[in-house]
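Novice: Let me begin by handing over the structure; questions about it come next.
Residue numbers (my numbering): 3 to 132.
Okay, here's the thing in C-alpha cells:
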C-alpha cells in the first residue's frame with residue numbers, strides 16, 4: 003500500500019470518528035426533546051462535578067412508591083464554576099432538589115437541566131437549555 007493511500011485512509015477514518023464524536027457531544031437535541039419540559043423532585047444520590055458535563059443522580063419516588071434513579075445532565079463543571087459559583091460541594095447526597103428539564107427522547111429517566119431549585123431557592127436558571 004502506498005504512503006499516499008495510507009495517509010488518505012487515515013485522514014478519512016480520523017474525520018469519520020471526530021465527526022461522530024462531535025455530534026454525540028454537541029447533539030443534546032438528539033438525545034433530549036428540547037421542546038418539552040418535565041419536572042421531577044427527588045433526593046441527590048450522587049453529584050459528579052466533572053467536564054465535559056456535570057451529572058446528578060437523583061432518586062425519585064413515583065406515584066406507585068417505586069424509587070427510580072434519574073440521570074440529570076448539566077453544563078460543564080468549569081462553566082458552572084465560573085458562571086454560577088458551583089463547586090463539587092454545591093450538592094450533597096441527601097439534598098432534596100426539584101429539576102425542570104428536557105426529557106430523554108428514549109423515555110429513559112433522564113433530563114437535560116433547565117432549572118434546579120433546592121429548598122425553594124434557585125440553584126440554576128434557564129439559560130442552560132441546550
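C-beta atoms are modelled at their ideal positions from N, C-alpha and C, and glycine is treated no differently.
#1: Going by other Cβ atoms of all chains shown within 10 Å of its Cβ, with 16 needed for buried, is residue 2 buried or exposed?
#2: Let me check understanding here. Comparing Cα to Cα, which of 123, 108, 72 and 109 lies closest to residue 47?
#3: Among the residues of its own chain, which have a CB less than 7 Å from the CB of residue 127, if the five just before and after it don't count?
#4: Provide the residue span of the alpha helix (DSSP H) that contains residue 82, from first to last.
#5: Write down the C-beta distance between residue 120 and residue 99 rounded to the nearest angstrom, noting that I regard them as a contact closer than 8 Å.
#6: Taking only runs that begin and end inside the region 34-117, name each unbroken alpha helix (DSSP H) of 4 or more residues, in chain order.
#7: Pick from 108, 84 and 57: whose alpha carbon is nearest that of residue 49?
Specialist: Result, derived from the coordinates:
#1: With the chain represented from 3 up to 132, any question about residue 2 goes unanswered, as that position is not in the structure.
#2: Mapped onto the chain shown, residue 47 falls at position 45. Taking only the C-alpha atoms, the option nearest residue 47 is 72.
#3: For the purposes of this step, residue 127 is identified with residue 125 of the chain shown, where counting begins at 1. Excluding sequence neighbours, residue 127 sits near 117.
#4: Residue 82 sits at position 80 when you count from the first residue of the chain shown. Residue 82 -> alpha helix (DSSP H) spans 79-86.
#5: Residue mapping note: residue 120 aligns to position 118 of the chain shown, counting from 1. Residue mapping note: residue 99 aligns to position 97 of the chain shown, counting from 1. Indeed they touch by this definition, with Cβ atoms about 5 Å apart.
#6: Segments of the alpha helix (DSSP H) lying fully in the region 34-117: 79-86.
#7: As a first step, residue 49 must be located in the chain shown, where it is residue number 47. For residue 49, the closest of 108, 84 and 57 by C-alpha to C-alpha distance is 57.
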